[in-house]
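Peer 1: Offset between the sequence shown (1-based) and my numbering: plus 372. By construction, the Cβ of each residue, glycine as well, lies at the ideal position given by its N, Cα and C atoms.
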Amino acid sequence: MSAVDEKKQRRVVWGALLVALLAVNYYWFKSPITIGFDPNDEKCLPDMHLSLLVKQHPTNVERGDLLFWEPSGALAYIKQAYVLKRVSGVPGDRLQVTDEEVLVNGEVVAMGLPLVDVTKVSTKAFERDEVIPAGKFFMTGTHPLSNDSRYWGYLDVGSVVGKGYKIF
């Protein structure tokens, strides 16, 4: 093998090694996919034990999708890296929250405000009848005692890290 061929082969090997190291770094430290689980005894999504979290800002979000984001504001007490909830309302939907039920476009998505006593705020402060604004999502859990948008308001589209998918 000539010196030129050896040099070329060495460059290819080093290039391949560099690409491999970059790929390992990307997937190891900034993996676009994460496995999620809820360690709490009472889960906001009790029928979900394990989920796949895809870190890609979604372009198309529909009612029923699962979204995740980093906890902040009223959810800053959460120790996990992400919060996962179901999209119950999208921009343009009519939202009605009363002490007895939560409706989106006339369909019941949650039952009332069972955590209102914990908040130490009057029920009236949470009641509303409005259209969900652009760039916002109304998020709920399926557990009756889920701490969700009924209490802390809309999720801003800019806060969304990605979509979640139920594994089991």
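Which residues share a DSSP beta bridge with Phe440?
Peer 2: Phe440 pairs with Leu456 and Gly534.
Peer 1: To the nearest angstrom, how far is the alpha carbon of Leu527 from that of Ser444?
Peer 2: Between Leu527 and Ser444, the C-alpha separation is close to 11 Å.
Peer 1: What's the C-alpha gap between Pro418 and Lys492?
Peer 2: Spanning the two alpha carbons is a distance of roughly 26 Å.
Peer 1: I think Leu456 touches Leu438, with their Cβ atoms under 8 Å apart; what is that distance to the nearest whole Å?
Peer 2: Their Cβ separation, rounded to whole angstroms, is 6 Å, which keeps Leu456 and Leu438 in contact under 8 Å.
Peer 1: Just curious, the alpha helix (DSSP H) that Thr491 is in, first and last residue?
Peer 2: Taken as a continuous stretch (DSSP letters only), the alpha helix (DSSP H) holding Thr491 covers Val488 to Thr491.
Peer 1: Which same chain residues, not among the five before or five after Gly507, have their C-beta less than 6 Å away from its C-beta?
Peer 2: Taken in chain order, the residues that qualify are Val529.
Peer 1: Cα separation between Gly478 and Arg458?
Peer 2: Roughly 18 Å separates the two Cα atoms.
Peer 1: Might you give, ordered along the chain, the residues of its own chain that have their beta carbon closer than 6 Å to the beta carbon of Ser460, omitting 5 neighbours on each side?
Peer 2: Excluding sequence neighbours, Ser460 sits near Val476, Val481, Phe510 and Thr512.
Peer 1: Along the chain, where does the beta strand (DSSP E) that runs through Arg500 open and close?
Peer 2: Its beta strand (DSSP E) spans residues Arg500 to Val503.
Peer 1: Which of helix, strand or coil does DSSP assign to Thr431?
Peer 2: If DSSP states are grouped into helix, strand and coil, Thr431 belongs with coil.
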